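> I have a structure here, written as structure tokens, and I will follow up with some questions on it.
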Amino acid sequence: MPGQTQDSATINPARPRETPLALGLRWLLRWKTSRAALMVLGIIVLTGLLAPLIAPYDPSAQPDIVALKDLPPSLAHPFGTDPYSRDVLSRVIYGARLSLMIAVLATIVSLTLGVAYGAIAGYAGGFVDSIMMRVLDALLSIPRLLLLIGILVAWPRLSVGALVLFLGFTGWFGLSRIVRGQVLALKHAEFVTAARALGASRRRILLRHLLPNLVSPIVVAATLGVAHVIVLEAGLSYLGIGVPQPQASWGNIIQDGADQVSTLWWMSLFPGLLMVLTVMTLNILGEALRDAYERRS
Amino acid sequence: MLRYIAGRLGQAAVIVAIVATISFALIHIAPGDPFSAVMDNPNVSERVRATLRAQYGLDRPLPEQFIRYVGQLARGDLGWSFSHDRPVHDVLARAVPNTLVLMVIALVGSFALGILIALVQVARRGSAVDHALSGISLFFYSMPDFWLGILALLAFTYWLPLFPVGGAVDPVMHEYMGLGGRIVDRLRHLALPALTLIVLASAGVARYQRAALLDVLPADYIRTARLKGLTEREILRRHALRNALLPIISLVGLSFPALLTGAFFIEKIFAWPGMGLAVVNAIGTRDYPLVVGGVIIGSIMVTLGSLLADLLYAWADPRLRDH
């Protein structure tokens, strides 16, 4: 609760109030599990960032489509090759880069929309709020995957940028409900009344006084949101309406091998394992952060 | 109570109306003609094209099209499926029961399994068993539905051929089986997709339920029960679980979107002839009316599911029931 943090700041004036981000990081480093998760995630992110340096082959090169296709894992190709003779390890590494990038960018889009919508609804209150919430209920009752399928089938051969936007557009409903609840609860807090009495504009109250109090739920939602988008994008790519070929994402590598799953098992196993590892670490971190913020409040 | 039910029903109706509006928008903001794939196809005869244009009134102004569309929806007309050459509602009407079977089994199974896991964990909270189960459920919770489906298919139909590869019945032998044989055949085909979905969904239930149980444990009535001399097992069963039951009902309502999404992938992987398989195959053939029909029906299913859960909640919670 904001009132309490205000109190602790006055009790201990020597130490400036810790920002939620710093507090979150301090908590993450405290627990063994979240420390390990942070490290594993760091390695995966680094692998993605440094993909051109790490990947042993060009991810879209098809060196010999007859002799080098469908090779099981070996020393030359630790994750095997695909039906187009491409090296699966290199594709998985580049896939990490693309899948993570898509997830992070889409989550940024969702956060922006979700915070804006939720803050407006919560701050406006009354009739506007209830209309906005009914719309949100409807949007929440459409399963996100179905909505995306409906959109993506209408736009065949979409670019990755458009995919990011659509993933972002469909991901803010849950967050905006949380934000709206927080704003609604804080709207009549004393520090808001004080700001209003001092003549602060609505926009100033929202941006300078309410938003900083929303950082912790936003950080949690962002972490879990990235995990969710990774799975979602993989699912769409698996259905053939996500990341277009020849670019590699974890989902479409699995899709490339899906027709012959019984023989090309390495094409589903390795990208999937890496994906589960990533999503797991993000879930661990998101929940550790939530615990940290709840414990503080 | 009656007022609550009426209000909740009205809310569900509004949701369905908004879903219909969104799917109308989906059809119309798409670039070009939503049926251009069909229009360009030389195999589609002039007669079908003429029917389509007349049926959708594509030359009409948008408001008029919207009214037409709502009217058609209200009569259950979801348009024409090009790839099946049948009305969409006809295709979906055959598929939805199969999806419902899968979802209901997965719902019941995953809640039973998930609650059981949570109870075991809470009874031994802090122990190695608790940590191990937490780890396992986090692992399955983090897993994409389709990936576990592929692994299950790989492991239990190819490497260890315990189950048939796909479909709802044996394509050849089913016709020649007796009643008992047919039932066994159906169950054998149902087992692996249902189990996969149960495992996927129960991970979330277990995690949620463990937290819910741990939330009620510090309550005063639990301490009273403990002081009364009840064993830990009895406290869990008679006091903690019973009070953690209401969150279970709301979790049922919240789990429908994920369950339906899971069913989509699982049906595709195991060729289970439900709505998911129909829609996913329609993606491949760009059969847009069938895809949008699936989106609408899927959303309505989710809405009805959460409506049912809310009504059940109102009935089960004495504080709400008496109002």
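Protein sequence lines, in the order shown, are assigned to chains A and B.
Per the working numbering, residue 110 is the first one in the first sequence, and the count goes up by one each step.
Per the working numbering, residue 997 is the first one in the second sequence, and the count goes up by one each step.
From the three backbone atoms N, C-alpha and C, an ideal C-beta is built for every residue, glycine too.
None of these values were measured; they are calculated from a predicted model.
Are any of the Cβ atoms in chain B nearer than 8 Å to that of I211/A?
no
> For T372/A, name the three-state secondary structure that DSSP assigns.
coil
> Okay, do the stretch 163–183 of chain A and the stretch 332–346 of chain A touch, 3+ Cβ pairs below 8 Å being the bar?
no
> Note down, in chain order, each residue of its chain lying with its Cβ closer than 6 Å to the Cβ of H186/A, except the 5 sequence neighbours on either side.
L180, D196
> Chain A beta carbons: is any one of them nearer than 8 Å to that of Y1137/B?
At least one chain A Cβ lies under 8 Å of Y1137/B.
> Quick check on the burial criterion: 16 or more other C-beta atoms within 10 angstroms. Buried or exposed for Y1154/B?
exposed
> At the level of alpha carbons, what is the spacing between R1282/B and R266/A?
12 Å
> Does I253/A come out as helix, strand or coil in the three-state DSSP assignment?
Residue identity check: residue 253/A is Arg in the sequence provided, not Ile. In this structure, R253/A counts as helix in the three-state DSSP scheme.
> Are there 16 or more other CB atoms within 10 angstroms of the CB of P1314/B, so buried, or fewer, so exposed?
exposed
> If you count every other CB in all the chains shown that lies within 10 Å of the CB of M148/A, and 16 or more means buried, which is it?
exposed
> Alpha carbon to alpha carbon, how far is L1196/B from I1018/B?
30 Å
> Given this structure, state the Cα-to-Cα distance separating H1185/B from F1159/B, to the nearest angstrom.
So the alpha carbons of these two residues sit roughly 7 Å apart.
> With the cut-off set at 8 Å, would you say W359/A and L386/A are in Cβ contact?
no
> Quick check on DSSP: helix, strand or coil for R964/B?
Nothing can be reported for residue 964/B, as the shown portion of chain B is limited to 997 through 1319.
> Check whether the stretch 283–296 of chain A and the stretch 224–241 of chain A are in contact - that is, three or more C-beta pairs closer than 8 Å.
Because the criterion of three Cβ pairs below 8 Å is met, the stretch 283–296 of chain A and the stretch 224–241 of chain A touch.
> Does the beta-carbon of W1311/B have 16 or more other beta-carbons within 10 angstroms, so that it is buried, or is it exposed?
exposed
> Ignore the nearest five residues each way along the sequence and tell me which others in L209/A's own chain have a CB closer than 6 Å to its CB.
G157
> How long is the line joining the alpha carbons of I1179/B and P1253/B, rounded to whole angstroms?
29 Å
> List, in order along the chain, the chain B residues whose C-beta lies closer than 7 Å to that of Y347/A?
F1142
> Which same chain residues, not among the five before or five after K1264/B, have their C-beta less than 7 Å away from its C-beta?
G1272, L1273, V1276
> Show which residues of chain A have a CB atom less than 7 Å away from the CB atom of G1294/B.
P252, L255
> With M1169/B as the anchor, note down where its alpha helix (DSSP H) starts and where it stops.
M1169/B -> no alpha helix (DSSP H), and no H or E assigned at all.
> Looking at C-alpha atoms only, which residue of L1088/B, F1020/B, V1012/B, P1083/B is the closest neighbour of L1058/B?
F1020/B
> Quick check: what's the CA-CA separation for R135/A versus M389/A?
C-alpha separation (whole angstroms): 20 Å.
> If you count every other CB in all the chains shown that lies within 10 Å of the CB of L214/A, and 16 or more means buried, which is it?
Burial call: buried.
> Which residues in the same chain as T119/A place their Cβ atom closer than 8 Å to its Cβ, once the five residues preceding and following it in sequence are excluded?
Confidence at T119/A is low in this model, with a pLDDT of 46, below 50, so the placement of that residue should be treated as unreliable; the coordinate-derived value is given next. Counting only Cβ-Cβ distances below 8 Å, and skipping sequence neighbours, we find nothing.
> When you check each C-beta in the stretch 998–1020 of chain B against every C-beta of chain A, which residues fall closer than 9 Å?
Q1007, A1008, V1010, I1011, V1012, A1013, I1014, V1015, T1017, I1018, S1019
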